[in-house]
Structure formats: structure tokens, C-alpha cells
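Chains as they are written, first to last, in the working numbering: chain A, 2 to 283; chain B, 2 to 283.
Note that the Cβ used here is the ideal one computed from N, Cα and C, for glycine as well.
To start, the structure under review is shown below, and the notes come after it.
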């Protein structure tokens, strides 16, 4: 079955959907996006994603062309039409199309979303560790906005891949901020640390769920910054995102991290996350 | 006559041209662009623009799908088809369309350009001054790449417009870098200063032409940084871009600059630029 897209209220095959050359998403990165995970034919943490979308859009003064409730309804209907066992919704909102000019035009925003199947992630206890490399954080200072101005992230990710690693960690003035498409956590003893949300850190939804679940697994949490050296010497390090859930870190700049396998706290957190997912998408 | 576009080798009405939703220019700001001025049916400084395009593309590892010579030939033919007295070519190159993933895909780049008529700029001696406001430079650190990740520039420009000004000046750690869509210069005595090209400053083509022409008008030039306070107390301040040429600055954060009219050195520079334009596009 070919992939479908909802675009400005119409549903069509994804391959047939087209946007105009002067859409500001194409010429100015003037837009925001969300990626929502589907499990068992249901969207996980959909409301949290839609709340973040509303905040991102408001911060760059784009008005959603439908109400949040209507958008939620459209997404739920869309997913029900083709209930994927494992998948995601990619959603994008741009300021719309108008003759090219930096000034905000008076035009109708472009809103679209489509679903895509993903491979199931499998048993957390058998998951593979990831390799990180460090890159300088050269991004702008409003990374809390989930904008489509992702070129710096794309370049960082590909630097990691070219080095034989899986993900790039941004270091800003000596401090670990986040990765090119994931948040990063370290565990020291029974303490779970991650950088506070702000200029250099996106409020990841998986990040928020884990900060909520951590105390139930015996960890205390701190939204505190840490250096690369502190991270490399932590007991456990992991990264999170909507599509990857949790990936434990095996190496950082080719230095082995922790025990060389998925640490017990990371595993407990992943199991708690899976329970939350199962409960919400049963 | 409706506007035309050249897109991946085909010419069609601009309004008919469409790009795919998964073009990386739309989802990742994964592309670069140029704006070239047309005078008297001819492109001004076309080679300099194409050289900069090649550098921008190389820096983010996008390969032009045609040779520079071929592209130049296509642009010249396109302009000749509808020779605008005053206009511009907007050109954009993206990595192309592929299923969304930060990793560089194996796909064909999207290359397009279109022409648009512009109002003639009129006599420099009768030009209007512009009003500037200061904004914090929150952009990424590779502004020398002319990328389409322009959201920070769009937000800065609109902050200026909302404040009743025309353009926003970025200040990075106390230093004046450039504006949201223009380079900035100050004149003190017989010295012309502008920030060096680099992490926070685009190598503007009009900027380069003026640095070359300045000595012929009796000015010495320095690619040196200066503070907002130094700029506000300069004898003359002006901004430059391909579409605006030179605009003298009347006010900065509502403070009057210089004499309240276009200064003599700025005027002499603008006249020298006009001569260069006339010579190249006769």
C-alpha cells in the first residue's frame, strides 16, 4: 500500500504531494515539525507532541491553520485508516507560500503530515550500543524550537557517520548539550543527569517521559550540565529520541563507556518506558 | 507575461513548478542559494555569484548536477529569453528528495532558478535612508555559507519591521557582524570598515565590489570589527546587498547617524558602483 499524506486538509499518495517553490519552508526554513511514534496502530504521547508544536509555532509567529483539537482528530483518523504496528507520523508546518521576501507575508500556512512504517526496535536487553563522536556546537541559540532549519544537525550527523560513528554530540563551551537528533543522559551512581532545556537543548518528549519515570526505577534526576570528560567517565550514558527510544552508548570518540554493555539503570529505564508505551497504546 | 522557472533542466511557468514534500530543502534546510541582479537584460557579477555558489555547495557536500559553465550558459540563455530592465535571478540548490533521514542520501540534487522584475532603484543622491535596530546574533557559526537555513534571519528582519525599522543588525559578543539580509559598513574620516568574512559574516558580492572600488574614491579599507557604539558615532554608515545595492543609514535604534542625509563618501561609492554596473551590463 502506497504511503499517504494529509496536506492542507486533503489526503493523497505521498508521492503525488507537491509544494510550491516559493513555500517558505523551502526557501527560508521558515517552519517547524514533529515526529510522533506509532505503536500498535496508536500514536504515543501525541498530546505532548502537539503541545510542543504549538509552542514552536507560536515562538516563530506561525498560526496553526486548524485548532489543536481538529489537528489531533485528523491525525487520529489518519492513523486509523492504516494502523501501523510500528511507525511514525512526520508533521510539518510552514508559514506558507508567497513571493520571496524575508518579511512575514500575509499567506496561508502549509500543514502536512504523513505516516511511515518503521522496523520494530526489539528487546531492550538485546539492543546494540551506539558510538558517539564530539562536534563543536555551531548551531543557533534557539534550539528549544523544533524548527526545520536543520542543516547544522545534518552536517553533524554526517560527520559522525563519516567517522564510523552513529551520532554526534554537540559540545558548547565545554558543556555537553545534546546530539544531532537525540537528547543525551549520563548516570553516576543513582543519579540521572541531562542538560536543561533551553538555547541549545530541545525539550525532547522521550526525554521528558524518562525524567518522569526515572524515580520509579530508583534514580534521582538532575537537569544539570556536564562536561565531555564527566560523560566519558560516567557509569552509563544513553541517548533518546522518539524514533530510537533509548540507545545505550558503547563508545565516545572511540573510548569505551561503562561496562561495554547496556547498563542496569539504562535497561530499567527502557523497560519502564516500554511499560508506559504499552499502557498508552494498548 | 507569467514568470518562468528553470527547474532541473526544464523551463515552465513558476506557478506550475512543484517540489516533493521530502525534498531536503523543505525538510532540513539542506541547500544553498544565490540572488543575482539583472540590469539592462544582463546579469551583474554572475561569475562571482557562481563561484560563491560552488563554495557554499562544496562546504555542505552537495555536488552541482551540472558544470559551472553549463549552469552559467543556462542562466544567460534564460535571461535573454525575457530580458528584464531591472530584475533578479533567484537560484537554489538542494541535496534533493529522499525518504527523510539526517544521513546524506544517494539522490539527485534539486537545482532551480527563476527571474523576477524589480523596481529600478533610482538616483543614489535622492535615495532614502534606512532605520536599523540591534538584535543579538543568535545564528549558527557558518554564516559564510549562503544556506537556506534562514529562519534566524527571517525572525531578525521581522523584529526590525515590527519596531518600525527596515533592517536588523546582528551584534555578536559586542561586535557588529552583519544585518539580516545585508552587509554593513562604517566610514570614519577616510577609512571604510566592515567586519571580516567568516563564521558570522557572508562574503557579500556587493561588499567585495565596494572593497575593490573604495580606493578609487579616496577611501582606505579595513576588514576590521567595530562595536555598536563605534558604528553609531561613525561619520557615515551604510548597508549593502545585491538587490538594494547601497542604502545609507539614517537611524540606528532611533539614534540619528551622521549628518541625517546620505554622506559624501557613501554617495561617491554608490556612484562608483553604478559606473561598474553600467560598464558590465552595457
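C-beta neighbour in chain A for residue i, strict 8 angstroms
i                     : result
residue 153 (chain B) : yes
residue 57 (chain B)  : no
residue 35 (chain B)  : no
residue 24 (chain B)  : yes
residue 159 (chain B) : yes
residue 182 (chain B) : yes
residue 93 (chain B)  : yes
residue 116 (chain B) : no
residue 18 (chain B)  : yes
residue 65 (chain B)  : no
residue 15 (chain B)  : yes
Span of the alpha helix (DSSP H) around residue i
i                     : result
residue 48 (chain A)  : 47-60
residue 278 (chain B) : 265-281
residue 212 (chain A) : 206-214
residue 223 (chain B) : Residue 223 (chain B) -> not in any alpha helix (DSSP H); beta strand (DSSP E) instead, spanning 221-224.
residue 252 (chain B) : Element bounds for residue 252 (chain B): not the alpha helix (DSSP H) but the beta strand (DSSP E), 246-253.
residue 14 (chain B)  : First-last for residue 14 (chain B): 11-14, but that is the beta strand (DSSP E), not the alpha helix (DSSP H).
residue 27 (chain A)  : 25-28
residue 154 (chain B) : 152-163
residue 117 (chain B) : Not the alpha helix (DSSP H): residue 117 (chain B) falls in the beta strand (DSSP E), residues 111-118.
residue 233 (chain A) : 229-233
residue 1 (chain B)   : Residue coverage of chain B in this structure runs from 2 to 283, which leaves residue 1 (chain B) outside it and unanswerable.
residue 258 (chain B) : Careful: residue 258 (chain B) lies outside any alpha helix (DSSP H) and carries neither H nor E.
residue 80 (chain A)  : 69-82
Start and end residues, beta strand (DSSP E) containing residue i
i                     : result
residue 37 (chain B)  : 32-40
residue 87 (chain A)  : 87-95
residue 132 (chain A) : 131-137
residue 21 (chain B)  : 19-21
residue 143 (chain A) : Premise fails: residue 143 (chain A) is in no beta strand (DSSP E) and is neither H nor E.
residue 239 (chain B) : 237-242
residue 192 (chain A) : 192-195
residue 189 (chain A) : 184-189
residue 176 (chain A) : 176-180
residue 203 (chain B) : Per DSSP, residue 203 (chain B) belongs to no beta strand (DSSP E) and is neither H nor E.
residue 6 (chain A)   : 5-8
8 angstroms Cβ cutoff, residue i in contact with chain B
i                     : result
residue 21 (chain A)  : yes
residue 132 (chain A) : no
residue 61 (chain A)  : yes
residue 3 (chain A)   : no
residue 6 (chain A)   : yes
residue 149 (chain A) : yes
residue 162 (chain A) : yes
residue 156 (chain A) : yes
(request) Residues of the segment 98-114 of chain A with a CB closer than 7 angstroms to any CB of chain B: list them in chain order, please. (result) 101, 103, 104, 105 and 113
(request) Count the CB pairs spanning the segment 252-261 of chain A and the segment 23-37 of chain A that are closer than 8 angstroms, and state whether there are at least three. (result) no
(request) Closer than 7 angstroms, Cβ to Cβ, to anything on chain B: give me those residues from the segment 27-54 of chain A, in chain order. (result) 27, 28, 29, 30 and 31
(message) Using a Cβ distance threshold of 8 angstroms, determine whether the segment 232-242 of chain B contacts the segment 107-117 of chain B, with at least three qualifying pairs required.
(response) no
(message) Does the contact criterion of 3 or more C-beta pairs under 8 angstroms hold for the segment 97-111 of chain B versus the segment 43-54 of chain B?
(response) no
(request) Residues of the segment 119-144 of chain B with a CB closer than 7 angstroms to any CB of chain A: list them in chain order, please. (result) 139, 140, 141, 142 and 143
(request) Determine contact between the segment 166-174 of chain B and the segment 119-134 of chain B, defined as no fewer than three beta-carbon pairs at a distance below 8 angstroms. (result) yes
(request) Decide yes or no for the touch test of the segment 51-62 of chain B against the segment 145-159 of chain B: beta carbon pairs closer than 8 angstroms, at least 3 of them. (result) yes
(request) Count the C-beta pairs between the segment 191-202 of chain A and the segment 174-181 of chain A that are closer than 8 angstroms, then say yes if the count reaches three, no if not. (result) yes
(request) Examine the Cβ distances between the segment 92-100 of chain B and the segment 75-85 of chain A and report whether three or more of them are shorter than 8 angstroms. (result) no
(message) If the cut-off is 7 angstroms on Cβ atoms, which residues from the segment 77-91 of chain B count as contacting chain A, listed in chain order?
(response) 91
(message) Contact between the segment 62-76 of chain B and the segment 4-11 of chain A is defined here as three or more beta-carbon pairs at a separation below 8 angstroms; is this criterion met?
(response) no
(request) Determine, using beta-carbon pairs with one atom in the segment 30-43 of chain A and one in the segment 153-165 of chain A, whether at least three such pairs fall under 8 angstroms. (result) no
(message) So if I threshold CB-CB distances at 7 angstroms, which residues from the segment 197-217 of chain B count as touching chain A?
(response) none
(request) Examine the Cβ distances between the segment 220-228 of chain B and the segment 248-255 of chain B and report whether three or more of them are shorter than 8 angstroms. (result) no
(request) Examine the Cβ distances between the segment 55-67 of chain A and the segment 11-19 of chain B and report whether three or more of them are shorter than 8 angstroms. (result) no
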